Each structure stands twice: as structure tokens, then as C-alpha cells.
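Colleague:
2 protein chains.
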Amino acid sequence: MSNEYVTINDVTLRDGMHAIRHQYTKEQIAEVTRLIDASGADIIEATHGDGLGGSSIQFGFSKETEKDIITTAVDNAKNAKVSVLLLPGIGTIDHLKRANEWGAQVVRVATHCTEADVSEQHIKTANELGMETVGFLMMAHRTSPENLLNEAKKMASYGATTIYVVDSAGALTMDDTRRRISLFKENLDTEIGFHGHNNLSLGVANSIAAYEEGATRIDASLAGMGAGAGNTATEQLVAVLNKLEIANGVDLYKSMDAAENVIKPIMERPVQIDSLSLTLGYTGVYSSFLLFAERAGKEYGVDPRDILVEIANMGAVGGQEDWIIGVAQDLAKKQKVYA
Amino acid sequence: MSNEYVTINDVTLRDGMHAIRHQYTKEQIAEVTRLIDASGADIIEATHGDGLGGSSIQFGFSKETEKDIITTAVDNAKNAKVSVLLLPGIGTIDHLKRANEWGAQVVRVATHCTEADVSEQHIKTANELGMETVGFLMMAHRTSPENLLNEAKKMASYGATTIYVVDSAGALTMDDTRRRISLFKENLDTEIGFHGHNNLSLGVANSIAAYEEGATRIDASLAGMGAGAGNTATEQLVAVLNKLEIANGVDLYKSMDAAENVIKPIMERPVQIDSLSLTLGYTGVYSSFLLFAERAGKEYGVDPRDILVEIANMGAVGGQEDWIIGVAQDLAKKQKVYA
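Respectively, the protein sequence lines represent chains S and U. In terms of the numbering used here, the first sequence has 175 at position 175, counting the first letter as 1, and numbering is strictly consecutive. In terms of the numbering used here, the second sequence has 554 at position 215, counting the first letter as 1, and numbering is strictly consecutive.
1. Please return the same chain residues whose Cβ sits closer than 6 Å to the Cβ of Thr7 (chain S), not counting the five positions on each side in sequence.
2. Taking the CB atoms as reference points, tell me whether Ala655 (chain U) and Trp662 (chain U) lie closer together than 8 Å.
3. Should Lys637 (chain U) be flagged as near chain S, meaning a C-beta pair shorter than 8 Å?
4. Who are the neighbours of Gln329 (chain S) on chain U, taking C-beta pairs under 9 Å?
5. List the residues of chain U that Pro88 (chain S) touches, going by C-beta distances under 9 Å, in chain order.
6. Thinking C-alpha only, which one of S:Gly89, S:Ala258, S:Lys81 is nearest Val109 (chain S)?
7. Is there a C-beta anywhere in chain U that falls below 8 Å from the one on Ile44 (chain S)?
8. Between Thr283 (chain S) and the rest of its own chain, which residues show a CB-CB distance below 6 Å, the 5 nearest in sequence each way excluded?
9. Once the 5 residues before and after Met340 (chain U) are set aside, which same chain residues still bring their CB inside 7 Å of it?
10. Using C-beta distances below 6 Å, list every residue in its chain close to Gly103 (chain S), excluding the 5 sequence neighbours before and after it, in chain order.
11. Name the chain U residues whose beta carbon is nearer than 9 Å to that of Leu200 (chain S)?
12. Tell me, please, whether the CB atom of Val482 (chain U) is closer than 8 Å to any CB atom in chain S?
13. Just to confirm before moving on: does the CB-CB distance between Gln362 (chain U) and Lys402 (chain U) stay below 8 Å?
14. By Cβ distance below 7 Å, which residues in the same chain neighbour Glu530 (chain U) in space, the five residues on each side in sequence not counted?
15. Would a check of beta-carbon distances place Thr173 (chain S) closer than 8 Å to chain U?
16. Using a C-beta to C-beta distance shorter than 8 Å, which residues of chain S count as neighbours of Pro643 (chain U)?
17. Spatial neighbours of Lys154 (chain S) within its chain, please: CB distance less than 7 Å, with the 5 preceding and 5 following residues excluded, ordered by chain position.
18. For Pro604 (chain U), is the classification buried or exposed, using 16 other Cβ atoms within 10 angstroms of its Cβ as the cut-off for buried?
19. In chain U, what lies closer than 9 Å to Ser275 (chain S) by C-beta?
20. Could you give the DSSP three-state label for Asn545 (chain U): helix, strand or coil?
21. Determine, using beta-carbon pairs with one atom in the segment 431-446 of chain U and one in the segment 386-400 of chain U, whether at least three such pairs fall under 8 Å.
22. Mind pulling the chain S residues with CB within less than 9 Å of Leu374 (chain U)?
23. Taking just the CA atoms, how far does Thr372 (chain U) sit from Ile383 (chain U)?
24. Taking Cβ to Cβ, would you say Asn538 (chain U) is nearer than 8 Å to Gly498 (chain U)?
25. Who are the neighbours of Gly620 (chain U) on chain S, taking C-beta pairs under 8 Å?
26. Determine the chain U residues that contact Leu278 (chain S) at a beta-carbon separation under 8 Å, and present them in chain order.
27. So is Gln320 (chain S) in contact with chain U if we call contact Cβ pairs under 8 Å?
28. Excluding the 5 residues flanking Val240 (chain S) on each side, which residues of the same chain have their C-beta closer than 7 Å to its C-beta?
29. Using a cut-off of 9 Å between C-beta atoms, extract the partners of Pro270 (chain S) located in chain U.
30. Relative to the alpha-carbon of Met267 (chain S), which residue among S:Gly16, S:Asn9, S:Tyr5, S:Val11 has its alpha-carbon at the smallest distance?
31. For Val337 (chain S), is the classification buried or exposed, using 16 other Cβ atoms within 10 angstroms of its Cβ as the cut-off for buried?
32. Does the segment 220-233 of chain S come into contact with the segment 277-296 of chain S, if we say contact requires no fewer than three beta-carbon pairs (one atom in each stretch) closer than 8 Å?
33. Considering only their Cβ atoms, is the gap separating Ala296 (chain S) from Ile263 (chain S) smaller than 8 Å?
34. Pick helix, strand or coil for Ile727 (chain U), following the three-state DSSP scheme.
35. Within 8 Å (strictly less), CB to CB, does Ile208 (chain S) reach chain U?
36. Can you tell me whether Glu366 (chain U) is buried or exposed, with buried defined as 16 or more other CB within 10 angstroms of its CB?
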């Protein structure tokens, strides 16, 4: 195991957007930014949950404008850099340029694990703008470690200086994580990052496994504030990093207090592992399917878990949430037939 | 990695007692036993949280008598064996004989990690009674792997057929767990078990690490119902075991439904990782100190975390909860001096 410094990229104000339907107020963004900054995390991500341009009918409107979200974070971060998420197709080059003007210093260009090609222009433009560029390979459990490496190599060739293994659905086991990160470490010259969700209760463990294999940049959010079962919780990760004597820049007590006293009260419902989020991790379905499955389950009187299992078998990826209604209807019909 | 069957020892009705101040009703014990039994777990533990004889002024009175707790579990378990916990000093040979008469087939004789000597009579008597005997070395983070092995050897010499590494405070990292279990595997002829708590969010991960090193008996509770941040949650563990194709006998959906629909509504407060339970895992203090520290913190106006850090530095073990008042008073005095 190396003994390198871990850069924490806090996603409370981006992935955490999902947990409150993107409704953070400017005041909350300002307060949370100040707390994260004061706790010592090196990068603070602030964007709509689905990235630049995400505020829309399809993904839900954010409470504040993109400009207000980003500039509020930038204005309140004394030491930390501010990063933005960009999913090509949702966000555009124009969005990127504006984010840069507003003060974002880091962009994380995110694609499905098999679609790195679509990140080329965005990574190149970000480099031209002088931004730090990170490639973000989502749903990393959905392809083999070897294929994931090939996609990572594309992002590196476009100029990304850090590439992430992104466990969007919290579906990777520790060995799954190790295989992906170690392959990256052997074959890439970039820095390597890991973004975990806690659906299988492995967020912290996978982050540590990733570090042991060579990842030096780890995503986390206070109290795990994020989609589905939540992200790796910053304060829990930092406690374990400290026990392992791995430097990370974050003050444990400050992160614990911010999580407990500020973030938990903001949550609309507790971000935790429950039947549905556990099913997401178990089946490996993208967390954006969760609310849709719950709603459709209620409407058609079927178990949302059965919907998600079926959706996983169909190989659905983010953006295909509309498949859910059809699946729910089919399951409801089958129930009637067998009732 | 071996590919052996994992025996799940469910502790919802024993460690879970702590989470509701030992107040399970007979009806709840009956229902929960039937659900665990139907889910397929092989062993169901039902005893006061602090084991046989635990119902007392010192540890809190259980709602039901020891006889009712045990016989209700025995009467409602069709397939699973019922186990009881016994901490020598709290429980006696007489308690053990009665538990055996009431139908308990397994006894787990628990001592502090450096005090296996006190388990001799109890393990020997249990063997004479024809019970299955398990040695349970608590607070396993508090001594070196080598010392823990020496204590385990004592329990084996008394006749225990399974020996557990018990992470009472949820303070072991994955490497800490591996070192202890692998040393047991190399040097003991007994079966090896692991009991984890989730204070550092490593309950499931440590259980998997323990399995990989040779543990074939794992403790878990539905929804993590247990002391402090809770135990390794059965449904989360089973989801990961299933993904790793490790047979364990438990039906995932039944355990998820029981956790969600029956156990969570019984909880007085959510069993989760919060500032205090994270501090317990971080400092390695026994979870029985938690409520005392909270109370003393309020009474003397000091941060309960500072009390626990101080208690950990003093090397306090279970039973020394009365140290907390003195620590709280000292901290309060220091605050005044520096205020």
C-alpha cells in the first residue's frame, strides 16, 4: 500500500442535490460551502445533481440558477477549488464556458462506462480554458475492467489528468473495485479517482480498497447526502483514513458536526440503505430509476424491486427511465393472470 | 478464498435488545423469531442484551423474563437453533442450566478479549449439557492479534468448538480483521466466527474480509438492530454474499422485508452511524458507554465525544461506565478554567 495524500472531492452540493430534488437554497449552498471549506476538503462540487444544464423538466428544476449555485460556492470557498459535473448531452460547451467564467476550476466530464467518446470535445475545451479536467466513468460495474480501461485511455488521450471509476449504483464489491483501480494504476499515467455509493454498505470499504490499489482522489459527501443509499460519507471515510494514518486534509470533528447539525436536518428523508436502495445496489440499476420505480410500483400495484430486477435484466442505462412504466404494466398483468 | 457455506447467527433478538433498552415484548419476540426462521438463518440468539442474568438494575431490566425470552424463541423457531449469550460474572452456571432446559442449543460464552480464563467452567459445563459451545472474544481491537490468539487457544482447550473475533465497538479496520482471523485460521482447529458492528461503516466489509480469511460463521441482525451504530445488517450482508456467490441459507427478500416492515418500526431511534457512534468506533470505546456519555455530556455541559476520547485513553473496559462522571466533571472544570 502506498502512503499518499488523499484528495477529497466533496459532492454534498452536487450528488446531494438528488436527495432534495435539487432544492438547495443559496443560503444553504453558502453555509455548506463554508463548512466543507473550513473542514479542509480540497475540492467542492456544486452543480445540479445531473450536472451542468441538468435543471430541466426531464431531470427536475433546481431551486437556484446554475449561475447562483456555482458563484455562491466559488464566493464562499476560501481554500477549496470548486468543481462542476458535466454530462455531455445534458451539458454543452457553452455551459462549460460559463461555469469557467463563474469561477469553477475543475470539471468532471461524465459518461456512461462504455461511452467515453462523447467526452472528447468537452475535455479538450476544458483544457483550453485552463480548467483541471477529470474523466468520470459512470456505472463502472456495467462493463469489464478491461473495457473500462479502454474507455479510460480514451479520456486520457483527450487530455483528462484524472480518471474516475464511478460506482453510480453502489454495485461494486471490494474485489470489483480492486480489479478496476489496479488495472488503471498499471496502465494509466493519470491520477486515479473513485466515487462510491453505499447501497451495499461498501462505500467506505470500496474507497479504502481503491486507495490501496492506487486511487488518490476520493469522492464523499457529508452524512452521505446523495442519490439512492447515498455517497460514501465524508466523516466516516475520514475516520477510517485517520485510523489508517492516511493524510487527507479533512478535520474529522468539523466534518462530523457539519454532517450531523447541518446536513441531516436538510434531508427530506434519511439518506440510508433501505429495501429499494439495497435492491439498486444488488441489481446494479442506476439510482435515477429509484423514484420512478417507487411511483410506478404504487400506481400499478407491483413490488418496485421486481421492476428494478427486470430493468437490470434488460440492461437499461440512465435516460431509459421511461422503460419502467412498461415493465410495471407487464408485471401487473402477470400478477393478474396468476392471481 | 474458500467457497464454504456461511452460517448466519442472527442477533436481532439479543444485540438488538440494546437498541430498545431490552424491551421486546413476547409478541415481538415470537414474530421476529418466525421471520428470521422463515428467512433461513441457522441460529437465532435471544437473550437480554448483556446475556443471561443481564436483566438487573445495573444493565436495565428486560420487559420479559429470561424464561419467556428464550422459550418464546425456541417455540417459534421451526428450523433454526436458538443460542444464548453468557458473560461469566453476569450469567452463572445456574443460568446456563436453565437456558438449556428451556431449549437453547447453543451458548456463546463471552469474555473481554484478554480474559478468556473466566470462561472455563461455563464452556465445560455447556459441553457436559450437550450444548454447542462458542467462545466469544469481545472488544477484539483492544489487544494484538497474537494475544487474541492465545486467549482463543484457551477457549479451545476448554472445549469451545467455534471461536469468534468480536468487534464490539465497531473499531476494527479490514486489515485488523484479516490479521486476527487469518491467525486464528492458521492456528486453531475450531470453526471461526466474526461479529461486527457498523460504527466505521465497515460491518459488511469486515464480515466479507473475515470470510475470505476463513471465518464461516457470521453474526448479523435485521436492519442492523443492535448497540451503538448497530450490527452488520443481515440483509446487506446477504446481498453481498449472494453477489459473491457464497451460500448462506438466507432468503434476501424475506430478510429485507422483515428489516424494513417489522424491525425498523420497532426501533426507538434509527440505528445508524451518527457523531457519537462514529466516535465510539473511532476511539474504540465499548458501546455501553454511549448513553452514559450522552447523559453526562448534557449534565456537565461538555462534548460527549471528548468524554469518550478521554475514556479510551484511560483504557476503560466494559463495567467501568462509572468513570464517565469523573471524566465529565474534569472536562467541565477545564472548560471553566479556560473560558
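Even for Gly, the Cβ is constructed at its ideal location relative to N, Cα and C. The structure displayed is predicted, hence computed values, not measured ones.
Modeller: Inspection of the coordinates gives the following:
1. Against the first sequence, residue 7 (chain S) aligns to sequence position 7. For Thr7 (chain S), where only same-chain residues beyond five positions count, the Cβ hits under 6 Å are Asp42, Arg217.
2. Taking the second sequence and counting its residues from 1, the one referred to as residue 655 (chain U) is at position 316. Taking the second sequence and counting its residues from 1, the one referred to as residue 662 (chain U) is at position 323. Going by C-beta atoms, Ala655 (chain U) is nearer than 8 Å to Trp662 (chain U).
3. Position 298 of the second sequence holds residue 637 (chain U). False, the Cβ-Cβ gap to chain S never drops below 8 Å.
4. Stepping through the first sequence from its first residue, residue 329 (chain S) is reached at position 329. Correct list: empty, because the minimum Cβ distance to chain U is about 22 Å.
5. By one-based count along the first sequence, residue 88 (chain S) stands at place 88. Within 9 Å Cβ-Cβ: nothing; Pro88 (chain S) doesn't reach chain U, min ~31 Å.
6. Position 109 of the first sequence, counted from the first residue, corresponds to residue 109 (chain S). The candidate whose alpha carbon is nearest that of Val109 (chain S) is S:Gly89.
7. Position 44 of the first sequence holds residue 44 (chain S). False, the Cβ-Cβ gap to chain U never drops below 8 Å.
8. Against the first sequence, residue 283 (chain S) aligns to sequence position 283. Here the set comprises Leu308, Val309, Ala312.
9. In the second sequence, residue 340 (chain U) corresponds to position 1, counting from 1. For Met340 (chain U), the predicted model reports a pLDDT of 46, less than 50, meaning its position is unreliable; a value from the coordinates is still stated below. Once the five neighbours on either side are set aside, the close Cβ partners of Met340 (chain U) are Glu551.
10. Position 103 of the first sequence, counted from the first residue, corresponds to residue 103 (chain S). Here the set comprises Val74.
11. Locating residue 200 (chain S) in the first sequence gives position 200, where the first residue counts as 1. Result: Val543, Gln575, Ala578, Val579, Lys582.
12. By 1-based counting over the second sequence, the position of residue 482 (chain U) is 143. Checking the displayed sequence, the identity of residue 482 (chain U) turns out to be Thr instead of Val. Not an interface residue.
13. For this step, residue 362 (chain U) is matched to residue 23 along the second sequence. For this step, residue 402 (chain U) is matched to residue 63 along the second sequence. A contact, by the Cβ cut-off of 8 Å.
14. The residue given as residue 530 (chain U) occupies position 191 in the second sequence. These residues qualify, in order along the chain: Thr500, Thr501, Thr555, Arg556.
15. Taking the first residue of the first sequence as 1, we reach residue 173 (chain S) at position 173. Judged by the 8 Å Cβ criterion, Thr173 (chain S) is in contact with chain U.
16. Stepping through the second sequence from its first residue, residue 643 (chain U) is reached at position 304. Within 8 Å Cβ-Cβ: nothing; Pro643 (chain U) doesn't reach chain S, min ~12 Å.
17. For the purposes of this step, residue 154 (chain S) is identified with residue 154 of the first sequence, where counting begins at 1. The answer, listed in chain order, is Ala116, Asp117.
18. Sequence index remark: in the second sequence, residue 604 (chain U) carries index 265 (1-based). Pro604 (chain U) is exposed by the Cβ-count criterion.
19. The count along the first sequence starts at 1 and reaches residue 275 (chain S) at position 275. The answer, in chain order, is Glu574, Tyr592, Met595, Asp596, Ala598, Glu599, Asn600.
20. Start at 1 with the first residue of the second sequence, and residue 545 (chain U) comes out as number 206. In this structure, Asn545 (chain U) counts as helix in the three-state DSSP scheme.
21. yes
22. Residue 374 (chain U) sits at position 35 when you count from the first residue of the second sequence. Those do not exist, as Leu374 (chain U) stays about 14 Å from chain S at its closest Cβ, beyond 9 Å.
23. Locating residue 383 (chain U) in the second sequence gives position 44, counting from the first residue. Locating residue 372 (chain U) in the second sequence gives position 33, counting from the first residue. Whole-angstrom Cα-Cα distance: 7 Å.
24. Indexing the second sequence from 1 puts residue 538 (chain U) at position 199. Indexing the second sequence from 1 puts residue 498 (chain U) at position 159. No; because the gap between Cβ atoms is not below 8 Å, this pair is not in contact.
25. Here residue 620 (chain U) is taken as the residue at index 281 of the second sequence, counted from 1. Per Cβ cutoff of 8 Å: Ala239.
26. Walking along the first sequence from the start, residue 278 (chain S) turns up at place 278. Neighbours of Leu278 (chain S) on chain U, chain order: Glu574, Gln575, Ala578, Met595.
27. Here residue 320 (chain S) corresponds to residue number 320 of the first sequence, with the count starting at 1. It does not; no Cβ of chain U falls within 8 Å.
28. Position 240 of the first sequence holds residue 240 (chain S). The residues are Val204, Ile208.
29. Position 270 of the first sequence, counting from 1, holds the residue named residue 270 (chain S). Result: Pro609, Gln611.
30. Your numbering for residue 267 (chain S) matches position 267 in the first sequence. For Met267 (chain S), the nearest C-alpha among the options comes from S:Gly16.
31. Working through the first sequence from its first residue, we reach residue 337 (chain S) at position 337. Val337 (chain S) should be labelled exposed.
32. yes
33. Position 263 of the first sequence holds residue 263 (chain S). Position 296 of the first sequence holds residue 296 (chain S). No, the pair does not count as a contact, with Cβ atoms beyond the cut-off.
34. Any question about residue 727 (chain U) goes unanswered here, given that chain U covers just 340 to 678.
35. Along the first sequence, one-based indexing puts residue 208 (chain S) at 208. Closer than 8 Å: yes.
36. Position 27 of the second sequence, counting from 1, holds the residue named residue 366 (chain U). Counting Cβ neighbours within 10 Å, Glu366 (chain U) comes out exposed, since fewer than 16 surround it.
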